[in-house]
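Trainee: Dumping the structure here so I can ask a few things about it.
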Amino acid sequence: MELVKVTEEMMMEQDGKRVGGDSEHWIYLTNLKAYNEGFLLGVYLHFPFDEEDLAQAYQTICVGNEFVDEFGYSYEEYFITDYDVPFSVGEYDFPQSLAERYDSLEEYMSYPDEVVRVIAENRDAEVTIIELDDTGVSDYEKLGYALVDLGYYDIPEHLANYIDHEAIGRNYDFGMSGEFITKYYIMSNYMYIKDDS
């Protein structure tokens, strides 16, 4: 293995490059040793990314046994200094785990980040998302109209004008304890495994 001496010029040239997927969600992967030496050497690693993208990110920020300082000490460690992704990221989270988590949320990525964040926080739940339109004034009334439109309640047509949609929405929420996020209502139903012991 040929050793590469990391210079200040290399760090300045490599800092801030983009690798990985085509989404606007990313983590900023930073060389820890360089950071401790007073240099910012990081890469925007965009989701979704795979092992090849991650290897390219490490190469870009000079992380690996082949990269050494003037005294021969290698640049082996990294950490995450910033991120823009709809779930919490820790400084020392493993990028592979974050990539898997992102992939598990892929079906929801067309929703606003606020919605994805709620879903990500309720990982062990089965999620139902109801889109609310502008019919109604309060969130509960909008939910009531949406529930009727979706067929949750069978209202005879001749009674439609007499229905209290806000009460329907409030009662439904009381039983479900969902969340109103922007123009969506999100229910998280936790799946419990029965213990027969």
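Taking the numbering used here, I'd label the letters of the sequence shown as residues 698 to 894. Note that the Cβ used here is the ideal one computed from N, Cα and C, for glycine as well.
(1) Please go through the segment 742-830 and give each complete beta strand (DSSP E) segment of 3 or more residues, from N-terminal end onward.
(2) Since Phe-744 and Tyr-799 should fall inside the 8 Å C-beta cutoff, what is the C-beta to C-beta distance between them, to a whole number of angstroms?
(3) Quick one: using the 10 Å Cβ neighbour count with 16 as the cut-off for buried, is Leu-795 buried or exposed?
(4) Suppose the cutoff is 6 Å on Cβ atoms and the five residues either side in sequence are ignored; what does the same chain contact list for Tyr-780 look like?
(5) Using 8 Å as the threshold, is the segment 841-850 in touch with the segment 766-775, meaning 3 or more CB pairs across them?
(6) Between the alpha carbons of Tyr-732 and Leu-700, how many angstroms are there, rounded?
(7) Extract the residue ranges of the beta strand (DSSP E) inside the segment 698-748, only unbroken runs of 3 or more that lie entirely within it.
(8) Since Glu-863 is in the alpha helix (DSSP H), which residue starts that stretch and which ends it?
(9) Got a sec? Which residues, its chain only, sit under 6 Å from Pro-792 by beta carbon, not counting five neighbours each side?
(10) By a C-beta neighbour count over all protein chains shown, 10 Å radius and 16 as the cutoff for buried, is Asn-728 buried or exposed?
(11) Report all residues from its chain with a CB closer than 7 Å to the CB of Asp-957; omit the five preceding and five following residues, and keep chain order.
(12) The beta strand (DSSP E) with Glu-876 in it runs from where to where?
(13) Whole angstroms are fine: how far does the CA of Phe-784 sit from the CA of His-855?
(14) With DSSP run on the structure shown, which of helix, strand or coil describes Lys-891?
(15) Could you please give me the residues that DSSP links to Ile-883 through a beta bridge?
(16) Return helix, strand or coil for Tyr-849, following the three-state DSSP convention.
(17) For Val-760, tell me which candidate among Gly-739, Glu-748, Val-834 and Leu-847 has the shortest Cα-Cα distance.
Mentor: On the basis of the supplied data:
(1) 761-765, 775-781 and 822-828
(2) Position 47 of the sequence shown, counted from the first residue, corresponds to residue 744. Position 102 of the sequence shown, counted from the first residue, corresponds to residue 799. Going by Cβ atoms, the distance from Phe-744 to Tyr-799 rounds to 5 Å, so yes, they are a contact pair.
(3) In the sequence shown, residue 795 corresponds to position 98, counting from 1. So Leu-795 counts as buried.
(4) The sequence position of residue 780 within the sequence shown is 83, counting from 1. Once the five neighbours on either side are set aside, the close Cβ partners of Tyr-780 are Ile-724 and Val-786.
(5) no
(6) What you label residue 732 is simply residue 35 of the sequence shown in a count that begins at 1. What you label residue 700 is simply residue 3 of the sequence shown in a count that begins at 1. Answer to the nearest angstrom: the Cα atoms are 20 Å apart.
(7) 714-717, 723-728 and 739-743
(8) Counting from one through the sequence shown, the residue named residue 863 turns up at place 166. It spans 862-873 - the alpha helix (DSSP H) in which Glu-863 sits, taken as one unbroken run.
(9) Here residue 792 refers to the residue found at position 95 of the sequence shown. The answer, listed in chain order, is Leu-751.
(10) In the sequence shown, counting from the first residue as 1, residue 728 sits at position 31. That one is buried.
(11) Outside the displayed span of the chain (698 to 894) sits residue 957, for which this structure offers no information.
(12) Within the sequence shown, residue 876 is the residue found at index 179, counting from 1. Per DSSP, Glu-876 belongs to the beta strand (DSSP E) from 876-878.
(13) Against the sequence shown, residue 855 aligns to sequence position 158. Against the sequence shown, residue 784 aligns to sequence position 87. Those two C-alpha atoms are separated by around 46 Å.
(14) Translated into positions along the sequence shown, residue 891 becomes position 194. Annotation note: pLDDT 46 at Lys-891 (below 50); position unreliable, no value reported.
(15) Working through the sequence shown from its first residue, we reach residue 883 at position 186. Ile-826 and Glu-876.
(16) In the sequence shown, residue 849 corresponds to position 152, counting from 1. If DSSP states are grouped into helix, strand and coil, Tyr-849 belongs with coil.
(17) Residue numbering aside, residue 760 sits at position 63 when the sequence shown is read from its first letter. Residue Gly-739 is the option with its Cα nearest to Val-760.
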